[in-house]
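Worksheet: the structure to be examined is printed underneath.
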Amino acid sequence: MTRDEITSGLAEILEEVAGVNPDDVAEEKSFTDDLDVDSLSMVEVVVAAEEKFGVKIPDNEVQNLKTVGDAVTYIESNA
Amino acid sequence: MSRADVVVTGLGATTPLGGDVASTWDAMLAGRSGVGPLTQEWAGQLPVRIAAQLAVEPSERIDRVKLRRLDRSEAIALIAAGEAWADAGLADSGLDPERLAVSIGSGIGGATTLLAQDDILEASGPRRVSPHTVPMLMPNGPAAWVGLELQARAGVHSVASACATGAEAIALGLDMIRAGRADVVVAGGTEAVIHPLPIAGFASMRAMSTRNDDPERASRPWDKGRDGFVLGEGSGVIVLERADHAVARGARIYARLAGAGLTSDGYDIVQPHPEGLGAIRAIAKAIADAGVDKSDIVHVNAHATSTPVGDVAEIAALHAALGDHPVLSATKSMTGHLLGAAGALESIASILAIRDSVVPPTINLDDPDDKLDMDVAAHKARPMDVPAVINNSFGFGGHNVALVFTRG
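Line order of the protein sequences matches chains B and P.
Be aware that the first sequence starts at 1, since it is given in the UniProt record's numbering, and climbs by one per residue.
Be aware that the second sequence starts at 1, since it is given in the UniProt record's numbering, and climbs by one per residue.
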């Protein structure tokens, strides 16, 4: 799976969970500062991403996923 | 010290009869039933397969993403409160948020969220349980969401007294304004528990109508053929305001909330006192609190849920407390029983009866009970002057609430 494919998969999740416009989702965007994803929605995004990409994202890892690119990198190397 | 007068300046509702107050009231005056068959697959196994479901789904008013975070009872409270707030014209009035409070209760709370998340827990494990679960199921959720949306900072309250909740929440709003703790209170009730578990529970108590083949005729207060209540869902919210505050801003005043009477039976967890003593005392207290005479009360919007025992017990209580002159109506014959929202919706019907000089009908009263020896506006709405009305609400647990509304 390419980085672009992971990014668009995350965009689908973000739209479903938090109503984020998929066009706004890019690797450099911060989940909280740019995309307005609050902490409860972030929990939903993580659980949905685990299901979609077949990865485990432990809670202590989530705090390191500041941007969409951070999440893509984590999923790419752990899927 | 003279006590503050409290008036009603806004109304909001979403009910089995309509998505707002106007459509609900029109349907009521036309004598329409909001009861229909439950067509969901889960209903097949139940002894009760009818209910009064919302006329307009919350998804038509609230966007999908926000709705994911709301229990249905919270969503409809937001819709009703939004209508009442706009109706009161308070949005740009410069009201100090520290003088604005919310009092909205629910009889059962976020039960459908609890049960849906339990299904997820069982099927997929704890990690799949939604992080929104707790704020969706907590019984103060509807009041809290409304308080958040309106930025109320004088306190957000959520009383729970089963089927008396909506009326008790309004009575609390009256107290708050009289006590000087708020100038405006957004008050009412909300309920949305059309789900197999609550239905099975009520059905096991033999409290519900099983007239599954004739839904529109199932809710029939005071009729000999009544066999229990019909579960309804919805929300009703009114804006209570200190009278001089409302007058100063030139607000439209629907009616005065002149008084409230609250008692508890101390008798049984579900059965009302057989002589209706708690209800009689509630009505008497409400009249005294309102400073009116019982002869002034020309109309009663009764609790009358269509149960064999409760309906006639209320008649006995009305007789004892008021005499036989008021014209009664049981609007649950059309809306079904909205549990924690019932007292709020019926307060709205009472207020509009004052405004429009008309008593809404009681449908399905084809063969009146022998013990019904009072005048009921049966089948058709009855045009008449309504300067003062009582709205009764009683709840499991022995809660009795009577509210007196008078022409503002």
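Glycine included, each C-beta is placed from N, C-alpha and C at the ideal position.
Because the structure is a prediction, the values reported are computed rather than measured.
Interface with chain B (7 Å Cβ-Cβ cutoff): P131(P) is included. Chain P places no beta carbon closer than 7 Å to that of V62(B), leaving this residue out of the contacts. Between the C-alpha atoms of P387(P) and P215(P) there is a straight-line separation of about 34 Å. By the rule that beta-carbons nearer than 7 Å mark a contact, L40(B) touches chain P. When DSSP reads this structure, N392(P) sits in a beta bridge with A402(P). Secondary structure at V102(P): strand, using DSSP grouped into helix, strand and coil. In its chain, beyond the 5 residues on either side, V129, S130, T133 have a beta carbon closer than 7 Å to the beta carbon of Q117(P).
With fewer than three CB-CB distances shorter than 8 Å, the region 53-69 of chain B does not count as touching the region 314-332 of chain P. In the structure shown, the three-state DSSP call for V21(P) is helix. Excluding sequence positions up to five before and after T113(P), its CB lies within less than 7 Å of the CB of D71, T133, M136, L137, all in the same chain and listed in chain order.
Where E44(B) is concerned, the enclosing alpha helix (DSSP H) starts and stops at 39-53. Note on T307(P): 16 or more other CB atoms within 10 angstroms of its CB, so buried under the neighbour-count rule. For R127(P), the neighbours in chain B by C-beta distance under 9 Å run, in chain order, V47, E50. Look at G69(B): its C-beta is not under 7 Å from any C-beta on chain P. Considered as a whole, the region 162-195 of chain P harbours 184-191 as its complete beta strand (DSSP E) runs of no fewer than 3 residues, in chain order. S30(B) is bridged by DSSP to T67(B). For H337(P), the pairing in a beta bridge is given by DSSP as L231(P). For H245(P), the enclosing alpha helix (DSSP H) stretches over residues 243-248. When DSSP states are grouped into helix, strand and coil, G10(P) belongs to the strand group. About 6 Å separates the Cβ atoms of A160(P) and G105(P), confirming a contact at the 8 Å cut-off. With respect to the 7 Å criterion, G343(P) and A167(P) are classified as neighbours on the basis of their beta carbons. Taking C-beta separations shorter than 6 Å and ignoring five residues to either side along the sequence, the partners of S209(P) in its chain run A218, D227, G228, V230, following chain order. Under DSSP, P368(P) takes part in a beta bridge, and its partners are D223(P). Of the residues assessed, L257(P) falls on the buried side of the cut-off, its CB having 16 or more other CB atoms within 10 angstroms.
For A79(B), there are no neighbours in chain P by C-beta distance under 9 Å, as the nearest C-beta there is about 18 Å away. With respect to S103(P), A164(P) sits apart: the two C-beta atoms are not nearer than 7 Å. Looking only at H337(P), A251(P), A187(P), the smallest Cα-Cα distance to L17(P) is reached by H337(P). Neighbours of A18(B) across chain P, judged by C-beta separation under 7 Å: V65. Beta bridge pairing from DSSP links V239(P) with G10(P), V186(P). For V43(B), a Cβ of chain P is located within less than 7 Å of the residue's own Cβ.
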